[in-house]
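In what follows, a single structure is set out as structure tokens and then discussed.
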DNA sequence: AGGTGCCCTTGACTTACATCAAAGGTTTTT
DNA sequence: AAAAACCTTTGATGTAAGTCAAGGGCACCT
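Residue numbers (our numbering), protein chains in the order written: chain A, 104 to 361; chain B, 104 to 361.
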């Protein structure tokens with residue numbers, strides 16, 4: 104059984120690409136179906152063509168490969184065209200913390216601006232394509248287009264707000280609340296990209312979910328099983344179907360629902 | 104016994120202000136002793152005068168009062184001139200997560216950009232003065248001065264990176280590691296402002312520290328006591344002296360020291 | 001088809017931290 | 001100066017999640 108997300112992935116997977124999708128790979132922002140996610144809206148044709156120059160090149164990253172890693176010098180932001188990434192930081196003694204999962208239309212690399220060097224690793228969790236946006240281009244065009252300037256600020260602010268809510272998850276929520284919040288967030292973002300709001304295929308392992316949510320893989324697995332036993336979701340390995348979203352929301356926040 | 108930080112606080116506390124400090128309250132960015140923290144460096148006099156216009160007004164916030172709260176419409180960023188703040192988010196059922204502590208020279212309000220509304224509360228932990236910087240001013244001047252533009256980007260990126268490391272703390276570290284990291288960070292930031300690198304007076308309660316670090320106030324207290332028993336720090340209520348910073352660093356990261 | 005390796009699940013046991021409770025300090029109020 | 005409110009410390013006990021361990025499923029390789 105394929106979810107919308109699977110179909111999407113198959114179509115966009117470079118290994119299985121048709122001529123049509125190869126063609127779409129070449130289009131600029133102005134013709135990109137993810138434009139509303141990456142770029143501000145409401146431009147005329149002429150301005151849009153100028154905005155196209157924010158993207159210098161594209162890069163294809165194979166599953167498991169790094170887009171950038173801690174210490175790399177920062178030159179560009181990356182807009183994900185297709186695929187799925189995790190970002191993570193690690194301690195010297197090898198403990199890893201996943202700081203986020205990013206999907207098509209999202210921007211990664213913001214961590215590098217402050218020190219001109221990246222402070223985390225970005226790993227492709229599936230074969231992916233990214234638009235390389237040299238940060239000097241972004242800044243230059245931002246000065247010319249206030250709407251783009253505002254857009255860049257919003258993207259950074261959104262990341263700050265997201266991390267605030269992850270801090271709430273990690274600091275105050277119990278294991279099942281964290282997993283419920285995680286699933287709801289994931290499916291909501293997929294839905295915003297035109298996929299199912301009830302079915303998804305996880306692109307990350309239990310261990311990676313656990314790292315993001317501050318729990319061990321066994322605890323993640325137990326929480327999945329518990330949700331399954333209670334009929335809230337159906338789980339089969341990385342396939343997840345949300346059967347009772349209300350109950351999931353209720354777990355995430357007991358006050359909000361019913 | 105007074106730490107450098109206490110002296111600083113006494114001088115800048117509006118309640119005990121002398122005429123001299125009232126005068127300094129009126130100076131613009133160009134004459135502000137915190138300029139290097141808030142503002143980019145390397146401007147000529149003329150440009151600096153233009154940059155002064157980024158600050159519209161000042162606001163004095165009394166201890167315990169809110170600078171802004173969740174849901175407030177966003178219009179301005181705030182640069183802390185004097186004082187100390189916490190920012191926090193809360194769930195509907197009343198659980199609170201402190202997302203950060205901010206001191207003089209730091210910028211708060213970035214959370215509001217994405218949705219034009221603030222998504223957290225900013226509470227003064229002591230009587231404080233802030234410079235109100237209407238965000239439209241910031242954006243306008245950013246377009247004119249690339250150095251300011253870059254500065255704004257760096258401030259936002261720094262916040263993202265800070266939150267990444269808090270996620271690491273919350274997700275991977277044990278109670279004592281968290282407290283060690285917290286103390287080292289606090290004292291380092293105070294030192295950057297010219298205060299002691301070994302002594303400080305906490306402006307927040309054990310409960311607020313605990314909220315930030317994802318632990319209960321009793322656990323915070325026990326960790327303080329343990330560090331005290333081991334001779335790593337001296338604690339008396341909110342006064343803390345770091346006696347053996349190396350041991351503290353070793354706790355934070357067993358690999359780095361000796 | 002069988003082997004290899006990785007990921008996931010589940011059970012038994014352990015532990016770091018939370019919770020509950022009480023007492024002592026410190027600051028604020030009256 | 002006494003009272004009240006709040007904060008901090010410390011001890012005793014409870015528990016959610018971690019750790020350890022074993023087995024099973026799935027995908028990839030030869």
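No residue lacks a Cβ here, since even glycine has one placed at the ideal position from N, Cα and C.
Please read all numbers here as calculations on a predicted model, not as lab measurements.
Bridge partners - residue 342 (chain A), DSSP secondary structure assignment: A:304, A:339
Output yes if chain A places a C-beta closer than 8 angstroms to the C-beta of residue 299 (chain B); else output no. no
Who does residue 199 (chain B) pair with in a DSSP beta bridge? B:193
Can you name the residues of chain A whose CB is closer than 7 angstroms to the CB of residue 262 (chain B)? 263
Pair within 8 angstroms by beta-carbon distance, residue 318 (chain A) and residue 278 (chain A): yes
Proximity below 8 angstroms, CB of residue 166 (chain A) to CB of residue 230 (chain A): yes
Ignore the nearest five residues each way along the sequence and tell me which others in residue 142 (chain A)'s own chain have a CB closer than 6 angstroms to its CB. 132
Excluding the 5 residues flanking residue 287 (chain A) on each side, which residues of the same chain have their C-beta closer than 7 angstroms to its C-beta? 351, 352, 355
Taking the CB atoms as reference points, tell me whether residue 178 (chain A) and residue 237 (chain A) lie closer together than 8 angstroms. yes
For residue 340 (chain A), does the count of other Cβ atoms within 10 angstroms reach 16, so buried, or fall short, so exposed? exposed
Would the beta-carbon of residue 181 (chain A) fall within 8 angstroms of that of residue 216 (chain A)? no
Provide the residue(s) that pair with residue 237 (chain B) in DSSP beta bridges, ordered along the chain. B:179
Hey, is residue 240 (chain A)'s beta-carbon within less than 8 angstroms of any beta-carbon in chain B? no
Who are the neighbours of residue 256 (chain B) on chain A, taking C-beta pairs under 7 angstroms? 216
Sort out for me which residues DSSP pairs residue 362 (chain A) with in a bridge. Coverage of chain A is limited to positions 104 through 361, which leaves residue 362 (chain A) absent and any answer about it impossible.
Determine whether the beta carbon atoms of residue 274 (chain A) and residue 314 (chain B) lie at a separation below 8 angstroms. yes
Count the CB pairs spanning the region 238 to 254 of chain B and the region 289 to 303 of chain B that are closer than 8 angstroms, and state whether there are at least three. no
Are residue 285 (chain A) and residue 228 (chain A) touching if we call contact CB-CB under 8 angstroms? no
Quick one: what does DSSP say residue 356 (chain B) is sitting in, helix, strand or coil? coil
Taking C-alpha atoms, which residue in A:280, A:234, A:213, A:316 lies nearest to residue 255 (chain B)? A:213
Out of A:328, A:349, A:345, A:311, point me to the one whose CA is closest to residue 198 (chain A)'s CA. A:311
Only counting the same chain, and skipping five residues up and downstream in sequence, which positions put a Cβ closer than 7 angstroms to that of residue 262 (chain B)? 213
Rounded straight-line distance, which links the Cα of residue 309 (chain B) to that of residue 324 (chain B): 7 angstroms
Name the DSSP bridge partner or partners of residue 224 (chain B)? B:191
Unbroken stretches of the alpha helix (DSSP H), 4 residues or longer, contained in the region 313 to 338 of chain B: 320 to 332
Is the Cβ of residue 196 (chain A) closer than 8 angstroms to any Cβ of chain B? yes
Give the residues of chain A in contact with residue 273 (chain B), contact being defined as C-beta atoms less than 7 angstroms apart. 270, 273, 274, 317
Which residues in chain A sit within 9 angstroms of residue 205 (chain B), going by Cβ to Cβ distance? Neighbours of residue 205 (chain B) on chain A: none; closest Cβ ~13 angstroms, over 9 angstroms.
Per-residue contacts from residue 154 (chain A) into chain B (C-beta, under 7 angstroms): Near residue 154 (chain A) there are no residues of chain B at all, since even the closest Cβ is about 16 angstroms away, more than 7 angstroms.
So, is residue 145 (chain A) buried or exposed, given that buried needs 16 or more other C-beta atoms within 10 angstroms? exposed
Tell me whether residue 137 (chain B) sits in a helix, a strand or coil according to DSSP, three-state version. coil
Which value, in whole angstroms, describes the spacing of the CA atoms of residue 303 (chain A) and residue 344 (chain A)? 6 angstroms
From what residue to what residue does the beta strand (DSSP E) around residue 170 (chain A) run? 169 to 171
Could you please give me the residues that DSSP links to residue 204 (chain A) through a beta bridge? A:189
Do the CB positions of residue 207 (chain A) and residue 296 (chain A) come within less than 8 angstroms of each other? yes
Just verifying my parser: in three-state terms, what is the DSSP assignment at residue 184 (chain A)? strand
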